[in-house]
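The sequence shown runs -35 to -1, 1 to 433 under mature numbering (1 follows the signal peptide of the UniProt record, and there is no 0).
Backbone N, C-alpha and C define an ideal beta-carbon position, used for all residues, glycine too.
Computed from a predicted model, the values in this text were never measured in an experiment.
Below: the structure, in structure tokens.
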Amino acid sequence: MLGIARVTRPPKKCWQSACRTLALICLLLPSYALAPLPAIASTTTLTVTVVYDLDMHRFATSGSFLDAIANPNDASVRCNFAFPQDALSSGATVAMTVYSTTESAVTADAPLPSGKLGANTFYNFSFTNESTGSAITSFDKPITLTFFYSDADISGLDESTVVPYRWDGSSWSALTGYTIDTGANKVTVSTQHFSTFALLGTAPAAGDQASESSGSSGGGGGGGGGIISSPTSAILSGRAYPKSKITVLKDAQIAATTIAGHDANFAVNVSGLSGGNYTFSVYAEDSKGIRSPLLTFPVSVTSGASTKIGGIVVAPTIAVDKSEVRQGDTATVFGQTAPNGEITIAIGSDESAHKTKADQNGNYLYVLHTSTLTMAHHFVRSQSAYGGEVSPFSKSVSFLVGTKNIAAELPKTISKGDVNKDMRVNLVDFSITAYWYKRPHPPASADLSGDGKVDLTDFSIMAFFWTG
């Protein structure tokens, strides 16, 4: 019986990795001596994998687990991984093998996307359930990966284009919701799916290379000198809807706005920051004035550097043309997302899902037949998939299946409690207001009582206007 061989070649002076490899070989030798392999025909192909470093761990997923895998050739290059408690709901004990390796060792069988270049270090994770012996490729909770890179590790890449990718067995998929800290040379992302990971990007533009070359040339007279500190900022980028208005909130206050391109992509630079922790939120407004749900995430910003928050995918907008529809008639569900996005329409009351596709402007429409729906209130929401990325679900909108047809009206203006101005008072507004609880100088939108502070009085007012 022919096995697949992995030959591990530790780097020069990496004695710890070499010892691990030798120990593994010593463990395998007795079994080969007892049951030698038959002669290998000349047509046999052996798989040889050269790795920088290899670690094996055994841990119970009922608890948390932290460790890292490095590239011993460059001490600053490594991948930290943090498993939360109950990463598997079963609490099973898993055996993990993780190694760092070269780009060439991976891309022979997993070619990079057109136009993409890879960092020098790739990482592979594999897991086995010790009880069943079955392979584990996904977990029940997100695991945080932090990729540290050096300038040498990403040489030939434009740092502003670096994005974490995962090989899904047939192609490389960009991971969403990541942050990149160019000051600390690290990329942080959470994922529930594992295989091979890499940092991919594009080559610098010719003009940038010329500028860098010119800027690094020596000599010259020049007066004064000194160090020019880099501005502290956060750059948020992602995908919404074509020509949609994008609003970014910083700690529940509007920090910046922009307009997405025709391709629905956007980038916003929030400058004038200090190093520290912030809560950023993003929402989009479509061509009909309908707003998306608020997408909120905490970000740690490094002083003197630009922190890039990429891979933001804004949920679709959604509306229904009737507030009540006679059973057996149709209701039209519509909204906007990225161009040509694949839309899933989910009806929560009967757990059914329907498919449609957005047009080149991102507009989608689905005619929903109500003959199979009970006479009751129903809630509908949508989700978009495009280019390997899947959006969060939209907000839920309701309609009544009853005895008559009533056209939906535009949302009425809410005088109090609608902090994010989406014509609803719900948990999003509660979360924004809660941030300002007993903090100084709250914005007027959160200070509902107008007394200069946010306290229980403001939450009582919000409860009165609550729409859900």
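| Item | Value |
| --- | --- |
| Once you ignore the five residues that flank Ala318 on each side, which residues in its own chain have a CB closer than 7 Å to its CB? | Thr309, Ile310 and Ala311 |
| Measure the alpha-carbon distance for Pro405 versus Ala221 and round it to whole angstroms. | 22 Å |
| Going along the chain, which residues of its own chain have a beta-carbon closer than 7 Å to the beta-carbon of Ala229, five neighbours each way excluded? | Arg204, Ala205, Tyr206, Pro207, Ala303, Pro304 and Gly327 |
| Identify the continuous beta strand (DSSP E) that holds Met427 and give its terminal residues. | Segment Leu421 to Phe429 is the alpha helix (DSSP H) holding Met427; no beta strand (DSSP E) there. |
| For Ala163, which residues from the same chain have a beta carbon less than 6 Å from its beta carbon, with the 5 sequence-adjacent residues on both sides left out? | Gly83, Phe87 and Tyr130 |
| Under 8 Å between the Cβ atoms of Thr282 and Gly300? | yes |
| Under 8 Å, with one C-beta from each stretch per pair, do the stretch 337 to 347 and the stretch 283 to 296 reach the 3-pair mark? | yes |
| Going along the chain, which residues of its own chain have a beta-carbon closer than 8 Å to the beta-carbon of Asp324, five neighbours each way excluded? | Pro304 and Asn305 |
| Roughly how many angstroms separate the alpha carbons of Thr335 and Asn45, rounded to a whole number? | 51 Å |
| Is the stretch 68 to 79 in contact with the stretch 18 to 36, if contact means three or more CB pairs nearer than 8 Å? | no |
| Would Asp146 be called buried (16 or more neighbouring beta carbons within 10 Å of its own) or exposed? | buried |
| When the Cβ atoms of the stretch 129 to 144 are set against those of the stretch 351 to 365, are three or more pairs found closer than 8 Å? | yes |
| Only counting the same chain, and skipping five residues up and downstream in sequence, which positions put a Cβ closer than 6 Å to that of Ser125? | none |
| How about Leu122 and Val154: are their beta carbons less than 8 Å apart? | no |
| Which residues bound the beta strand (DSSP E) around Ala221? | Gln218 to Ile224 |
| Decide if the stretch 415 to 433 is in contact with the stretch 388 to 395; the criterion is three or more beta carbon pairs, one per stretch, under 8 Å apart. | yes |
| Count the other CB atoms within 10 Å of the CB of Ala411; is the residue buried (16 or more) or exposed (fewer)? | buried |
| Consult DSSP for Ala75 and reduce its assignment to one of helix, strand or coil. | coil |
| Do Leu238 and Ser246 count as a contact pair if the criterion is CB distance below 8 Å? | no |
| Near residue 435, which residues of its chain fall below 7 Å by C-beta distance, leaving aside the five closest residues on each side in sequence? | Only positions -35 to 433 of the chain appear in this structure, which leaves residue 435 out of reach. |
| Thinking just about the alpha-carbon of each residue, which of Leu413, Val298 and Ala341 is nearest to the one in Gly367? | Ala341 |
| Give me the Cα-Cα distance between Ser271 and Ile200, rounded to the nearest whole angstrom. | 7 Å |
| Using beta-carbon positions only, say whether residue 441 and Lys81 come within less than 8 Å of one another. | The structure shown does not extend to residue 441, since the chain is modelled only from -35 through 433, so no value can be given for it. |
| Name the two residues that bound the continuous beta strand (DSSP E) containing Thr265. | Reading off the sequence shown, one finds Ser at residue 265, where the question assumed Thr. Element bounds for Ser265: Leu260 to Val266. |
| For Asp251, I'd like the list of residues in its chain whose CB is within less than 6 Å of its CB, leaving aside the five on either flank, ordered along the chain. | Tyr206, Ser209, Thr282 and Gln301 |
| Report back the beta-carbon spacing between Lys386 and Glu289 to the nearest angstrom; my notes put them in contact at under 8 Å. | Not really, about 27 Å apart at Cβ, beyond 8 Å. |
| If the criterion is Cβ atoms closer than 8 Å, does the pair Tyr243 and Lys215 meet it? | yes |
| What is the DSSP secondary structure of Ala40, reduced to helix, strand or coil? | strand |
| Considering Tyr400, what are the terminal residues of the alpha helix (DSSP H) in which it resides? | Leu392 to Tyr400 |
| Give, in chain order, every unbroken run of the beta strand (DSSP E) that is at least 3 residues long and sits entirely within the stretch 260 to 312. | 260 to 266, 271 to 278, 287 to 291, 295 to 301 and 307 to 312 |
| Quick check on this structure: which residue in Leu333, Ala117, Ser257 and Trp401 has the alpha carbon closest to the alpha carbon of Ala296? | Leu333 |
| Confirm, please, whether the CB-CB distance from Leu31 to Ala47 is below 8 Å. | yes |
| To which residues of the same chain is Asp416 closer than 6 Å at the C-beta, ignoring the five residues directly before and after it? | none |
| Spell out the partners DSSP gives Arg256 in its beta bridges. | Glu250 |
| Mapping the DSSP letters down to three states, classify Glu374 as helix, strand or coil. | coil |
| When the Cα atoms are used, what is the spatial distance from Gly226 to Lys360? | 23 Å |
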